[in-house]
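Written out below as structure tokens is the structure these notes cover.
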Amino acid sequence: MTDSEAIPVHQRTIALVGLMGVGKSTVGRRLARRLGLPFADGDDEIESAAGMTVSDIFASLGEGEFRAGEARVMRRLLEGPQLVLATGGGAMLNAETRALLKTRAVTVWMRADLETIAQRVARRDTRPLLRGRDPLEALRTLAEARYPVYGEAHLTVDVTGGAHVQA
Numbered sequence: 007m008t009d010s011e012a013i014p015v016h017q018r019t020i021a022l023v024g025l026m027g028v029g030k031s032t033v034g035r036r037l038a039r040r041l042g043l044p045f046a047d048g049d050d051e052i053e054s055a056a057g058m059t060v061s062d063i064f065a066s067l068g069e070g071e072f073r074a075g076e077a078r079v080m081r082r083l084l085e086g087p088q089l090v091l092a093t094g095g096g097a098m099l100n101a102e103t104r105a106l107l108k109t110r111a112v113t114v115w116m117r118a119d120l121e122t123i124a125q126r127v128a129r130r131d132t133r134p135l136l137r138g139r140d141p142l143e144a145l146r147t148l149a150e151a152r153y154p155v156y157g158e159a160h161l162t163v164d165v166t167g168g169a170h171v172q173a
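Numbering (the working numbering), first residue to last: 7 to 173.
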């Protein structure tokens, strides 16, 4: 599908992108409720398809297999009906997924300062890319690699002060 054949904006999925812990799932659920659209969390969809948690996928199959499964799930969701989608933090790194996001979704980069995100993710030990690492340093490394790709999103919203969406 070329850009000229893209779905009209008002019919596109709304895809929230950004680092883990920025609030994509929380905001996505509220936004979907407010707009009367279905909501999907990319990580939850991957877990459902694989029959195991993201942490277990990383531990038993490795990050490469996780990313391949993530790309399949993103394709299925983006080729389906309009919804609000909270993508996994690394979903947009896949070139095919990124191309689908550009033509089938309105992408919103949810951005917050790394200290805020580090405080959020340090509360839970369910993030395979952070396990055994200083959260702030790990997030800095991820931000360096991912921010240029997130910068391709249609919109950027700074949620440093908190994600305030009333539903």
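Note that the Cβ used here is the ideal one computed from N, Cα and C, for glycine as well.
Measuring CA to CA, which of GLY57, LEU25, PRO87 is closest to HIS16? Numbered from 1 along the sequence shown, position 10 holds the residue referred to as residue 16. Here the closest residue by C-alpha is PRO87.
Selected residue, minimal CA-CA separation from ALA21, among MET80, ASN100, PRO14: If you number the sequence shown from 1, residue 21 lands on position 15. The shortest Cα separation from ALA21 among MET80, ASN100, PRO14 belongs to MET80.
Any chain C beta carbon closer than 7 angstroms to TRP115: Of the protein chains in the structure, only one exists, and it is not chain C.
Proximity winner among ARG39, GLY48, LYS30, VAL112, relative to ARG82 (alpha-carbon distances): The residue labelled residue 82 in the question sits at position 76 within the sequence shown. Taking only the C-alpha atoms, the option nearest ARG82 is GLY48.
Once you ignore the five residues that flank TYR156 on each side, which residues in its own chain have a CB closer than 7 angstroms to its CB? Counting from one through the sequence shown, the residue named residue 156 turns up at place 150. Cβ within range, chain order: VAL23, GLY24, MET98, TRP115.
How many angstroms separate the CA atom of PRO44 from the CA atom of ARG36? As a working mapping, residue 44 is identified with position 38 in the sequence shown. As a working mapping, residue 36 is identified with position 30 in the sequence shown. The alpha-carbon atoms of PRO44 and ARG36 are separated by roughly 11 angstroms.
Sort out for me which residues DSSP pairs ALA200 with in a bridge. Because the chain is modelled from 7 through 173, residue 200 falls outside the range shown and cannot be assessed.
Which residues mark the beginning and the end of the alpha helix (DSSP H) in which THR93 is found? As a working note, residue 93 is residue 87 in the sequence shown. Element bounds for THR93: n/a, residue is neither H nor E.
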